[in-house]
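Data block below; observations after.
2 protein chains.
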Amino acid sequence: MAAATSPVPKRLLFGPGPTMVEPRVYNALSQPIVGHLDPYFFEVAGEVRDLLRKTFGTRNELTIPISGTGSSGMETAVGNFVEPGSKFAVFANGYFCDRLSEMGKRQGAHVVRLEKPWGEVFDSNEAADFIAREKPAVAAFVHAETSTGALQQPKVICDAAHDAGAIVIADTVTSLGAVPVNVDENGIDVAYSCTQKGLSCPPGLSPITVSPRAVERLHNRKTPTSQWYLDLKLLMEFYDGRKYHHTASATLFYGLREALRAIFDEGLEKRFERHANAHKALVRGLADMGLSMHVKEGHRIPHLNTPRVQPGVDDAKVRKHLLEKHGIEIAGGFGPLAGKIFRIGVMGPLATDMNVHMFLDAFKEALAV
Amino acid sequence: MAAATSPVPKRLLFGPGPTMVEPRVYNALSQPIVGHLDPYFFEVAGEVRDLLRKTFGTRNELTIPISGTGSSGMETAVGNFVEPGSKFAVFANGYFCDRLSEMGKRQGAHVVRLEKPWGEVFDSNEAADFIAREKPAVAAFVHAETSTGALQQPKVICDAAHDAGAIVIADTVTSLGAVPVNVDENGIDVAYSCTQKGLSCPPGLSPITVSPRAVERLHNRKTPTSQWYLDLKLLMEFYDGRKYHHTASATLFYGLREALRAIFDEGLEKRFERHANAHKALVRGLADMGLSMHVKEGHRIPHLNTPRVQPGVDDAKVRKHLLEKHGIEIAGGFGPLAGKIFRIGVMGPLATDMNVHMFLDAFKEALAV
Numbered sequence: 001m002a003a004a005t006s007p008v009p010k011r012l013l014f015g016p017g018p019t020m021v022e023p024r025v026y027n028a029l030s031q032p033i034v035g036h037l038d039p040y041f042f043e044v045a046g047e048v049r050d051l052l053r054k055t056f057g058t059r060n061e062l063t064i065p066i067s068g069t070g071s072s073g074m075e076t077a078v079g080n081f082v083e084p085g086s087k088f089a090v091f092a093n094g095y096f097c098d099r100l101s102e103m104g105k106r107q108g109a110h111v112v113r114l115e116k117p118w119g120e121v122f123d124s125n126e127a128a129d130f131i132a133r134e135k136p137a138v139a140a141f142v143h144a145e146t147s148t149g150a151l152q153q154p155k156v157i158c159d160a161a162h163d164a165g166a167i168v169i170a171d172t173v174t175s176l177g178a179v180p181v182n183v184d185e186n187g188i189d190v191a192y193s194c195t196q197k198g199l200s201c202p203p204g205l206s207p208i209t210v211s212p213r214a215v216e217r218l219h220n221r222k223t224p225t226s227q228w229y230l231d232l233k234l235l236m237e238f239y240d241g242r243k244y245h246h247t248a249s250a251t252l253f254y255g256l257r258e259a260l261r262a263i264f265d266e267g268l269e270k271r272f273e274r275h276a277n278a279h280k281a282l283v284r285g286l287a288d289m290g291l292s293m294h295v296k297e298g299h300r301i302p303h304l305n306t307p308r309v310q311p312g313v314d315d316a317k318v319r320k321h322l323l324e325k326h327g328i329e330i331a332g333g334f335g336p337l338a339g340k341i342f343r344i345g346v347m348g349p350l351a352t353d354m355n356v357h358m359f360l361d362a363f364k365e366a367l368a369v
Numbered sequence: 001m002a003a004a005t006s007p008v009p010k011r012l013l014f015g016p017g018p019t020m021v022e023p024r025v026y027n028a029l030s031q032p033i034v035g036h037l038d039p040y041f042f043e044v045a046g047e048v049r050d051l052l053r054k055t056f057g058t059r060n061e062l063t064i065p066i067s068g069t070g071s072s073g074m075e076t077a078v079g080n081f082v083e084p085g086s087k088f089a090v091f092a093n094g095y096f097c098d099r100l101s102e103m104g105k106r107q108g109a110h111v112v113r114l115e116k117p118w119g120e121v122f123d124s125n126e127a128a129d130f131i132a133r134e135k136p137a138v139a140a141f142v143h144a145e146t147s148t149g150a151l152q153q154p155k156v157i158c159d160a161a162h163d164a165g166a167i168v169i170a171d172t173v174t175s176l177g178a179v180p181v182n183v184d185e186n187g188i189d190v191a192y193s194c195t196q197k198g199l200s201c202p203p204g205l206s207p208i209t210v211s212p213r214a215v216e217r218l219h220n221r222k223t224p225t226s227q228w229y230l231d232l233k234l235l236m237e238f239y240d241g242r243k244y245h246h247t248a249s250a251t252l253f254y255g256l257r258e259a260l261r262a263i264f265d266e267g268l269e270k271r272f273e274r275h276a277n278a279h280k281a282l283v284r285g286l287a288d289m290g291l292s293m294h295v296k297e298g299h300r301i302p303h304l305n306t307p308r309v310q311p312g313v314d315d316a317k318v319r320k321h322l323l324e325k326h327g328i329e330i331a332g333g334f335g336p337l338a339g340k341i342f343r344i345g346v347m348g349p350l351a352t353d354m355n356v357h358m359f360l361d362a363f364k365e366a367l368a369v
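Here it is in structure tokens:
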């Protein structure tokens, strides 16, 4: 059978993710595979785990990639730590908080939410009041809310939760590798992420890290999680004890290892600085074009920018023009922000002055069409 | 940070999977990614779904890859179709049947089992008696039991189950792409598989296909499955309606598409024949060396061979020698078959006379060490 073949288009991924991948990572993906119980696989997995710990800012022994995308990491966190009948407190200011709530409900938890408009963040008083009132077993928040562009300060939530004996789940899907997460310093108990945003790798794995306090909760569970595939106890036995669980993909581990090596070749601090500088250049350029930002200064995710759509502009038309004429992918808003914001990612290889200016030129043209 | 780098070893994967991958698939894996909502992604996904239908032998509209390994496919099947409090009948003759049972229990089902020694299969009378006695809502069996080398005839189980109004889940993790699965002809309602065995692709995705009758069950569920990530209703909306669910990996889809194209370039029937011939050559060679097969003739998986370990032979030593001296991976038995069988996969590019003889030479040497 000869299939009709269109060539793979070369996109410039200025969306919220996936983002651009460097040639050295693509090269790693094409290395010959080994088995999931091969000594070499565990050598690769060991290096991946070490580099993930440094990227997360943690000494947590239980730091592994889940064999699924970022959403599987979210479900691993909720499914293992939010027990049926327990109280689960969600700081709700965007789409991924809603997804956390939905997963909590499906686990049979009593979900309580503190709501804020999409694009705002929570301060320490709000966090403390909510937690003191609800006394949850587990609290969850989204560090960098991809649907809004807002960056939540983790410490205000973690401090409040720990005062009440709760553990804290942080969604770091959009933050890891592009801004500091500082898991240990902030006191985050469970953080999960993805590979295709701040880590500049194709999607397919979801890094997760779990504090000793949360591991203790795991061991104290009365019934196993309903999710065998995402059961952290079984995954610990696989990665630490080499006891067969599932066929982890050597290909995806090769890619993630190379992406992490590239990050540490540059240096984590330098990488954060590069993203911060690209953010400033982009915001300046957008302001020059008369666009205002949806999120207040100081609360913005530097590498996921959400300028407001100007009155009379059809955002879908702008995005279509960018994709078709320039091969540039950006995203629009959704939910309450549908049609109201653009979502522009400037991550990894794209976070340079040159790329920002190239983008701004194309964006200006598209807005004028 | 300069990491110590050992080069990726070139293994000859004669184990139960993962198995060898052709260069054209590795090449596809290194193609530049596109977003999960990009029109090109859905073009690729559409071709993958078409080719999967042909490989499964089905016209099922709901035929997609799950974004996880084979075990995530198993959990998708159990989590979506085995409802809490319902009766789940498992044909239990190997390790993966035990895993199905465990997943069923975690879903809160009443699990009933028909047991047989590892390596045997079920006939139509046994299937009919068990189903008539138990009247389950769902029955499950493993088509090709990787832990034993036994190939179950699907039709005897499907006929019995349908007579009692049950739907049937078939584990085709080790069968798809190497022997006929014939989903429609056999009457299988839900079949899941992996990419790294009969499809000769790296691991990372789990193809699944669902009959219209099973889709109807899905729509009649009273409560959503506890598993958001593996919820087939949401996945249908993503693949058919392009409604965002998770960030499916363009990389893994490129690889799977190329592996499927390679299969249809050869022709499915020719591929089955090639595997059958390689099986005969291997069994003949093993018999010449005095090894007997654990599974009775006629019930054997052609591409996953399980010769018995001869008395006095240390199977772990043999496997270690093969890996270290020849870069050849094979597997041992586990559970009740630990130390009693070898598990030798002859799949995909390895299923040729030349490769079988090369393997037999190395195996003979290893047994004599």
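Listed in order, the protein sequences are those of chains P and Y. All residue numbers for the first sequence refer to our numbering, where the first residue is 1 and numbers rise by one. All residue numbers for the second sequence refer to our numbering, where the first residue is 1 and numbers rise by one. The C-beta atom is built at its ideal place from N, Cα and C for all residues, glycine as well. These figures come from a predicted structure and were not determined experimentally.
Rounded Cβ spacing between residue i and residue j (contact assumed at less than 8 Å)
i         : j         : result
Tyr244(P) : Leu62(P)  : Tyr244(P) to Leu62(P), Cβ: 19 Å. No contact.
Gly290(Y) : Val356(Y) : Contact flag wrong, Cβ pair sits at about 17 Å.
Ala109(P) : Arg257(P) : Contact flag wrong, Cβ pair sits at about 35 Å.
Gly278(P) : Thr352(P) : Per the sequence presented here, residue 278(P) reads as Ala, with Gly not at that position. With a Cβ gap of about 6 Å, Ala278(P) and Thr352(P) count as contacting.
Ala247(P) : Gly17(Y)  : Here the sequence assigns Thr to residue 247(P), which means Ala is not the residue at that position. Their Cβ separation, rounded to whole angstroms, is 7 Å, which keeps Thr247(P) and Gly17(Y) in contact under 8 Å.
Phe238(Y) : Ile167(Y) : Between Ile167(Y) and Phe238(Y) the Cβ distance is about 23 Å, and since that is not below 8 Å, they are no contact.
Leu350(P) : Thr19(P)  : 7 Å
Distance CB(residue i)-CB(residue j) smaller than 7 Å
i         : j         : result
Val181(Y) : Gly57(Y)  : yes
Gly198(P) : Ala170(P) : no
Val44(Y)  : Phe253(Y) : yes
Lys87(P)  : Pro154(P) : no
Val21(Y)  : Ser200(Y) : yes
Ala362(P) : Ile328(P) : yes
Val25(P)  : Gly149(P) : no
Gly73(Y)  : Ile64(Y)  : no
Ile33(Y)  : Pro212(P) : no
Met103(Y) : Glu134(Y) : no
Short CB-CB distance (under 7 Å) between residue i and chain P
i         : result
Tyr229(Y) : yes
Pro437(Y) : Residue 437(Y) lies beyond the stretch modelled for chain Y, which goes from 1 to 369, so this question has no answer here.
Met1(Y)   : Per-residue confidence for Met1(Y) stands at a pLDDT of 39, beneath the threshold of 50, marking its modelled position as unreliable; the derived number appears in the next sentence. Output row for Met1(Y): interface = yes.
Pro302(Y) : no
Thr209(Y) : no
Pro9(Y)   : yes
Gly35(Y)  : yes
Glu329(Y) : yes
Residues that residue i contacts on chain P, provided the C-beta gap is smaller than 7 Å
i         : result
Ser67(Y)  : Gly68, Thr69
Gly17(Y)  : Thr247
Pro224(Y) : Arg106
Asn27(Y)  : Ser30
Glu43(Y)  : Ser6
Residue-chain proximity (residue i, chain Y), Cβ-Cβ < 7 Å
i         : result
Pro203(P) : yes
Arg106(P) : yes
Met236(P) : no
Tyr95(P)  : no
Thr251(P) : yes
Ser72(P)  : yes
Tyr40(P)  : yes
Glu75(P)  : yes
Among the options, nearest to residue i - alpha-carbon criterion
i         : options                                    : result
Pro118(Y) : Gly165(Y), Arg308(Y), Ala166(Y), Asp265(Y) : For the record, residue 118(Y) in the displayed sequence is Trp; it is not Pro. The shortest Cα separation from Trp118(Y) among Gly165(Y), Arg308(Y), Ala166(Y), Asp265(Y) belongs to Arg308(Y).
Val215(P) : Gly46(P), Ala77(P), Gln31(P)               : Ala77(P)
Phe342(Y) : Gly68(Y), Lys222(Y), Leu322(Y)             : Leu322(Y)
Ala281(Y) : Asp129(Y), Ala128(Y), Lys270(Y), Pro302(Y) : Pro302(Y)
Glu120(Y) : Gly298(Y), Pro311(Y), Arg271(Y)            : Gly298(Y)
Asp189(P) : Ala161(P), Pro203(P), Gly204(P), Thr306(P) : Ala161(P)
Lys317(P) : Val283(P), Arg53(P), Ala368(P)             : Ala368(P)
Ser300(P) : Ala144(P), Lys320(P), Pro212(P)            : The amino acid at residue 300(P) is misidentified as Ser; the sequence shows Arg. Per the Cα distances, Ala144(P).
Met236(Y) : Gln152(Y), Ala287(Y), Ile208(Y), Gly267(Y) : Ile208(Y)
Val138(P) : Thr174(P), Leu100(P), Gly332(P)            : Leu100(P)
Partners in chain P for residue i, counting only beta-carbon separations shorter than 8 Å
i         : result
Glu102(Y) : Trp228
Interface residues of chain Y facing residue i [CB-CB closer than 9 Å]
i         : result
Tyr411(P) : Residue numbering for chain P in the displayed model covers 1 to 369; residue 411(P) lies beyond these limits and cannot be assessed.
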